[in-house]
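Asks: Just so you know, we're using my numbering here: the sequence shown kicks off at 32 and counts up by one.
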Amino acid sequence: MRKVFARPKSMKDMPMHYCPGCTHGIIHRLIAEAIDELNVFEQTIVVAPVGCSVFCCDYFDCDAYGASHGRAPAVATGVKRVLPDKIVFTYQGDGDLAAIGTSEIVHAAARGEKITVIFVNNAIYAMTGGQMAPTTLLGQVTTTTPKGREKELNGSPIKMSEMLSVLDGSAYIARVSVHNPAGIFKAKKAIKTAFETQISGKGFSMVEVLSTCPTNWGMTPLKALKWLEENMIPYYPLGEFKTPTEVV
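1) Which residues share a DSSP beta bridge with Val-77?
2) Tell me whether Tyr-156 sits in a helix, a strand or coil according to DSSP, three-state version.
3) When you compare only the Cα positions, how much space is there between Asp-92 and Val-78?
4) Give me, in chain order, the residues of the same chain whose beta-carbon lies closer than 7 Å to that of Thr-274; leave out the 5 immediate sequence neighbours on both sides.
5) Of all the options Val-148, Arg-33 and Tyr-156, which has the alpha carbon lying nearest to the alpha carbon of Lys-223?
6) Which parts of the segment 159-223 are runs of the beta strand (DSSP E), unbroken and 3 residues or longer, counting only runs that do not cross its ends?
7) Check whether the segment 111-130 and the segment 201-217 touch, using three or more Cβ-Cβ pairs below 8 Å as the test.
8) Could you give the residue range of the beta strand (DSSP E) that holds Gly-249?
9) When you compare the CB positions of Leu-114 and Ile-230, do they come within less than 8 Å of one another, or not?
10) Just the Cα atoms here: how many angstroms apart are Met-45 and Glu-183?
11) Excluding the 5 residues flanking Tyr-96 on each side, which residues of the same chain have their C-beta closer than 6 Å to its C-beta?
12) Helix or strand or just coil, what does DSSP make of Gly-270?
13) Can you find the residues in the same chain that come closer than 8 Å, C-beta to C-beta, to Val-209, ignoring five residues on each side of it along the sequence?
14) Do the CB positions of Glu-135 and Gly-109 come within less than 8 Å of each other?
15) Rounded to the nearest angstrom, what separates Thr-166 and Val-119 at their Cα positions?
16) Answer with buried or exposed for Lys-111, where buried requires no fewer than 16 other C-beta atoms within 10 angstroms of its C-beta.
17) Would the beta-carbon of Cys-9 fall within 8 Å of that of Pro-245?
18) Asp-199: which of Ile-66, Pro-265, Asn-153 and Glu-144 sits nearest, CA to CA?
19) Short of 8 Å in beta carbon distance, which residues of its chain neighbour Thr-228, apart from the five on each side in sequence? Order them along the chain.
20) Can the beta-carbon of Ala-205 be found closer than 8 Å to that of Val-151?
21) Check whether the Cβ atoms of Val-207 and Ala-221 sit closer than 8 Å, and answer yes or no.
22) Got a sec, what are the start and stop residues for the beta strand (DSSP E) Leu-241 sits in?
23) Just to confirm before moving on: does the CB-CB distance between Ile-155 and Thr-173 stay below 8 Å?
24) Nearest to Met-158 by CA position, among Arg-142, Val-81 and Met-42, is which residue?
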């Protein structure tokens, strides 16, 4: 019998520990498939900071660095400059990238560092207990906004893709979602394009992936997927915000 579906070779053969309904596992697979298809498995290095994202090092079968909270782009910058022939990517959550790591991500993009960033946006701090993140939606209930996020008190959610796309050093910026099969297919394409942008040396690339967190959202996995579609996508529209063809 011919095998038509198998584990990507750049992923370790082990069960995942993520909460039921969490889409980190889907995103991991899409990254691994892109790495395999581009045949850069032997050259790839992942940098993971603090948060649920740190566990990606358990699943990608490639060299890895651990970074302090928010500092993955800075570490990745050092790795890529010292080892320019390597394919270097960071795997970061919204509480990490859009909060304590804001300066690192902004300046890495502004400098046009030839790294790839996979930014998982689930609109909440997950590992630390469900607190409000910079990406938490207005009205969204978290452990630190029990009555919902208020614009007057907490400001509006930050749209990282739109913000980074206007920087000259950015070469490819896209936002995708993994809430349904069509979204997963488009997410795979965007992730592969981001790696291709790095391989061709065109500059900084980032793919923002809208993701669920059923545990901290207090929802079933199916309800969480529906909530993402009905609430996150209207505020965080999907699409490519900057492509390599726009880079002079």
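Every residue gets a Cβ at the ideal spot worked out from N, C-alpha and C, and that includes glycine. This one's a predicted model, so the numbers in the text were calculated from it and none came from an experiment.
Replies: Put simply:
1) Ala-95 and Phe-120
2) coil
3) 13 Å
4) Tyr-203
5) Val-148
6) 201-208
7) no
8) Segment: none, Gly-249 is in no beta strand (DSSP E) and carries neither H nor E.
9) no
10) 46 Å
11) Val-78 and Val-106
12) strand
13) Thr-54, Ile-57, Ile-58, Leu-61, Ile-215, Ala-218, Val-240, Leu-241 and Ser-242
14) no
15) 25 Å
16) buried
17) Any answer about residue 9 is impossible in this case: the structure gives the chain only from 32 up to 279.
18) Glu-144
19) Thr-147, Ala-202, Tyr-203, Gly-234, Ser-236 and Pro-275
20) no
21) yes
22) 235-241
23) yes
24) Val-81
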